[in-house]
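Colleague:
Number of protein chains: 2
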Amino acid sequence: MNDASKVNPETRERVQKAMRKLGYQPSRVAQRLRATKGRSKLLGLIIPDIQNQFYSNIVRGVEDVAYGKDYAVILCNSDENPNKERFYLDVLQSESVDGVILPPIHQYSKVVEGLVEAGVPIVCVDRKLVREAVDTVVINNQKGGFIAVDHLIELGHKRIAILSSSSQFSSFEERQKGYEEALKASGINVDPDLIREGDPRSSENARELTKELLALESPPTAIFATNNLMTLGALEAINEAGLKIPRDISVVGFDDMPWAKAITPPLTVIKQPGYEMGRRSAELMFQRVADPGREPVQITMEPSIIVRQSTGKVKINKK
Amino acid sequence: MNDASKVNPETRERVQKAMRKLGYQPSRVAQRLRATKGRSKLLGLIIPDIQNQFYSNIVRGVEDVAYGKDYAVILCNSDENPNKERFYLDVLQSESVDGVILPPIHQYSKVVEGLVEAGVPIVCVDRKLVREAVDTVVINNQKGGFIAVDHLIELGHKRIAILSSSSQFSSFEERQKGYEEALKASGINVDPDLIREGDPRSSENARELTKELLALESPPTAIFATNNLMTLGALEAINEAGLKIPRDISVVGFDDMPWAKAITPPLTVIKQPGYEMGRRSAELMFQRVADPGREPVQITMEPSIIVRQSTGKVKINKK
DNA sequence: GTGAAAGCGCTAACAG
DNA sequence: CTGTTAGCGCTTTCAC
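Protein chains in written order, with this note's numbering: chain A, 1 to 319; chain B, 1001 to 1319.
What follows is the structure, given as structure tokens:
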């Protein structure tokens, strides 16, 4: 029934007919219980929050690849809560999934590192693990930050603010590094007043931060928001202040959200290939399941800037 | 170990300590294999597309309830493809999930109806099944359509277009019914030219449709877009045509997307409580698992209109 | 109150 | 090439 190779063709046909007739479906549960290693047809996927479009892109990429291989995926939302992450990791192990794909909450994670060492196939996506060599799919975040800010500098901006994360996620740290790098490369001082760190899961928080920025004695002429939710918050605050983009202020967002080109003016963004990142992660996963001994690889994908009308030449603010 | 009731407390304590010491974790797979009915700790969730924010809201609602009950959920994307739906339904059965939550692709679905009759706990969310009595969580779509259009009528609009679905989803049919009802209630003729049906999964398609609408000899002064993607497409087409909202045209969208209030001008929408719908669906699921004999219930939630600045008083078009 | 045994549905290993 | 068997890890039942 399972291995078509060494069976009498007519017997095979007879069996298949019987299967169809009886509507027989093998129990994946029993299969999994018996199989033990690497053929459980189940994948675990832990993400911070499915309501974040960037992560739903990743999820879709993973699922599409899984579907093609007859795998199902268990989806878990961690809310950036390490306890939830650990809980789900336990559940997934207990479900004997073939592997787990996740953006690790901490760069140094005892739990995840432990699993890697225990030989559980793990793929990190979007964020890295520092100590352990694991299959990883990320984008070049520093470059993303750099090109965003460099674009603004080219337009003449000198007071460029950044909305970043107060938590230590590798992705945000790198984007911020890119921001500073771009400024320095153009001989612009990094003004700590223009660096605002908050909760990247809260557009509300970004809105507050942006308000503060706009209320500054010498407010920024441009804002770089380092993820989709923060971009939203920045936009809200700017609208509320009655400012016009790009006349009064320029904005570069992170992530090419579907609505970015539908708004007025269309939003300039750094595009992350979320769907593709999901696909690649799942592919790495399957490679590792097939060959647990393989050396870990790290795939770095390229972000790109999509210039639209939310950025414009700077104007001198005359008071 | 499992049932705390009838065990010597000190033995229990001893066992628990041993469990912790050895890091023992029961295998949910083996549990599921043995358990057979209604305690598998796994739920199936089939949605059209996780990249659609409305569905990711539902997913989040389901998962949060599941998490609270120590359940995991297998997520499947059907892409509105009945074959994929059937495929996943088979997979989920084979995984012996305790039940499946889904917006059925067809109102008359042999497969889903079959499962219901076979006693598999099913909860329909967002869309209904016509023939079979099943637990269902929907919103009052007709009312949603009605209040959207009625709002536009009150602003003086008479030529109101609708972007609806060419496929026969119960939700869209009802929204369209509400549209017609509102027009009739105000003595406005339903102009077939203003009713455009397309693929609700494609903002691109909605963009085309809107372009056609705007190119009409007597174009609409307002557009009602019946889901989030179609709203996006409409907005794009309007921007491209150089029209200003609400000066030149008014728009009401469906779904309160996070970006709706961050854009200029903020978008008036009919809000669906997606997250809550997910929660309620999961709750119904658990109720049914606990009591398979219970009468099916249908929960109808209320949509609400959130009036923002994308709708304005109609102006007379003078050529 | 506690311990032993049967069996869920499958696959791998082995004997015919 | 085909048929039989043991056992994956658990829960339930039944005997102690």
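Idealized CB from N, CA, C, for every residue including glycine.
Can you tell me which of B:P1048, B:P1258 and B:R1201 puts its alpha carbon nearest to the alpha carbon of N52 of chain A?
Modeller: Nearest C-alpha to N52 of chain A: B:P1258.
Colleague: Take T1231 of chain B and list the residues in its own chain whose beta-carbon comes closer than 7 angstroms to its own, dropping the five residues that flank it on each side.
Modeller: So the list reads A1225, G1253 and F1254, once near-sequence residues are dropped.
Colleague: Check whether the region 1025–1042 of chain B touches the region 1234–1246 of chain B, taking contact to mean three or more Cβ pairs, one atom from each stretch, closer than 8 angstroms.
Modeller: The region 1025–1042 of chain B, when compared against the region 1234–1246 of chain B, does not touch it at the 8 angstroms Cβ threshold.
Colleague: Rounded to a whole number of angstroms, what is the C-alpha to C-alpha distance between K177 of chain A and G145 of chain A?
Modeller: Their backbone Cα atoms lie some 7 angstroms apart in a straight line.
Colleague: Suppose the cutoff is 6 angstroms on Cβ atoms and the five residues either side in sequence are ignored; what does the same chain contact list for L183 of chain A look like?
Modeller: Within the same chain, L183 of chain A has close Cβ partners V190.
Colleague: Does the beta-carbon of N83 of chain A have 16 or more other beta-carbons within 10 angstroms, so that it is buried, or is it exposed?
Modeller: Per the 10 Å Cβ criterion, exposed.
Colleague: I'd like the list of long-range same chain contacts for K1319 of chain B, defined as Cβ closer than 6 angstroms, with 5 residues on each side in sequence excluded.
Modeller: For K1319 of chain B, the pLDDT reaches just 45, beneath the cut-off of 50, and the residue's location in the model is therefore unreliable, leaving the point undetermined.
Colleague: In chain order, what residues of the region 219–232 of chain A put their CB closer than 7 angstroms to some CB of chain B?
Modeller: Hits within the stretch, in order: L232.
Colleague: Using beta carbons (cut-off 7 angstroms, strictly below), is V59 of chain A in contact with chain B?
Modeller: Cβ-Cβ to chain B under 7 angstroms: yes for V59 of chain A.
Colleague: In the structure shown, what three-state DSSP assignment does T1231 of chain B receive?
Modeller: It is helical.
Colleague: Within 10 angstroms of the Cβ of Q142 of chain A, are there 16 or more other Cβ atoms? Answer buried if so, exposed if not.
Modeller: With 16 or more other Cβ atoms within 10 Å, it is buried.
Colleague: The alpha helix (DSSP H) with N1077 of chain B in it runs from where to where?
Modeller: Run containing N1077 of chain B: none in the alpha helix (DSSP H); it sits in the beta strand (DSSP E), A1072 to N1077.
Colleague: Using the Cα positions of V1062 of chain B and Y179 of chain A, report the straight-line distance between them to the nearest angstrom.
Modeller: Their backbone Cα atoms lie some 39 angstroms apart in a straight line.
Colleague: Report, in whole angstroms, the separation of the C-beta atoms of R1207 of chain B and A1161 of chain B, which I expect to be a contact under 8 angstroms.
Modeller: 14 angstroms between Cβ atoms; not a contact.
Colleague: Just the C-alpha distance for K1069 of chain B and V307 of chain A, rounded to the nearest angstrom, thanks.
Modeller: Cα to Cα, the separation comes out at about 46 angstroms.
Colleague: Can you check the region 245–280 of chain A for any beta strand (DSSP E) of at least 3 residues that lies completely inside it and give the ranges in chain order?
Modeller: Listed in chain order, they are 250–254 and 268–271.
Colleague: Excluding the five sequence neighbours on either side, which residues of its own chain have a C-beta within less than 6 angstroms of the C-beta of E1181 of chain B, listed in chain order?
Modeller: Within the same chain, E1181 of chain B has close Cβ partners F1146.
Colleague: Got a sec: which bits of the region 1233–1256 of chain B sit with their beta carbon under 7 angstroms from any beta carbon on chain A, in order along the chain?
Modeller: For the region 1233–1256 of chain B, which is checked against every Cβ of chain A, the residues closer than 7 angstroms are L1235, E1236 and N1239.
Colleague: Can you tell me which of A:I122, A:D79 and A:Y88 puts its alpha carbon nearest to the alpha carbon of R201 of chain A?
Modeller: Of A:I122, A:D79 and A:Y88, the residue nearest in Cα terms is A:D79.
Colleague: Which full runs of the beta strand (DSSP E) of 3+ residues lie inside the region 1023–1099 of chain B, going along the chain?
Modeller: Those beta strand (DSSP E) runs which fall completely within the region 1023–1099 of chain B and span 3+ residues are 1042–1047 and 1072–1077.
Colleague: Below 8 angstroms CB to CB, which residues in the same chain sit around Y1024 of chain B once its five sequence neighbours on both sides are set aside?
Modeller: Here the set comprises A1018.
Colleague: Residue range of the alpha helix (DSSP H) that V111 of chain A falls in?
Modeller: Element bounds for V111 of chain A: K110 to E117.
Colleague: Taking 7 angstroms as the CB-CB cut-off, is E1180 of chain B touching chain A?
Modeller: Not one chain A Cβ lies under 7 angstroms of E1180 of chain B.
Colleague: Just grab the DSSP bridge partners of E1197 of chain B for me.
Modeller: DSSP lists B:S1164 as partners of E1197 of chain B.
Colleague: Give the straight-line distance between the Cα atoms of R294 of chain A and S40 of chain A, rounded to the nearest whole angstrom.
Modeller: So the alpha carbons of these two residues sit roughly 20 angstroms apart.
Colleague: Under 8 angstroms Cβ to Cβ from Y1088 of chain B, same chain only, skipping five residues before and after it: list those, please.
Modeller: Cβ within range, chain order: G1044, I1046, C1076 and S1078.
Colleague: Based on the DSSP secondary-structure assignment, which residues constitute the bridge partners of A225 of chain A?
Modeller: BP columns for A225 of chain A point to A:L163.
Colleague: Below 6 angstroms CB to CB, which residues in the same chain sit around P1104 of chain B once its five sequence neighbours on both sides are set aside?
Modeller: Only V1112, C1124, R1127 and L1129 meet the Cβ criterion.
Colleague: Should A1222 of chain B go down as buried or exposed, given a rule of 16 or more other Cβ atoms within 10 Å for buried?
Modeller: Burial call: buried.
Colleague: Less than 7 angstroms between CB atoms is the rule here; does V1091 of chain B satisfy it with respect to chain A?
Modeller: Interface residue, yes.
Colleague: DSSP three-state call for V314 of chain A: helix, strand or coil?
Modeller: If DSSP states are grouped into helix, strand and coil, V314 of chain A belongs with coil.
Colleague: Between which two residues does the alpha helix (DSSP H) harbouring V1123 of chain B extend?
Modeller: That residue, V1123 of chain B, is in no alpha helix (DSSP H); its beta strand (DSSP E) goes I1122 to V1125.
Colleague: Under DSSP, the beta strand (DSSP E) around D1135 of chain B begins and ends at which residues?
Modeller: D1135 to I1139 is the span of the beta strand (DSSP E), which, as asked, contains D1135 of chain B.
Colleague: Going by DSSP, name the residue or residues bridged to T1300 of chain B.
Modeller: Answer is B:V1138, bridged to T1300 of chain B.
Colleague: Using the C-alpha atoms, what's the distance from T268 of chain A back to V1138 of chain B?
Modeller: So the alpha carbons of these two residues sit roughly 37 angstroms apart.
Colleague: If you reduce the DSSP assignment to three classes, tell me which class K319 of chain A lands in.
Modeller: Residue confidence is low: K319 of chain A scores 46 on pLDDT, short of 50, so the model does not pin down where it sits. Its coordinate-derived value is still stated next. Residue state, collapsed to three classes: coil.
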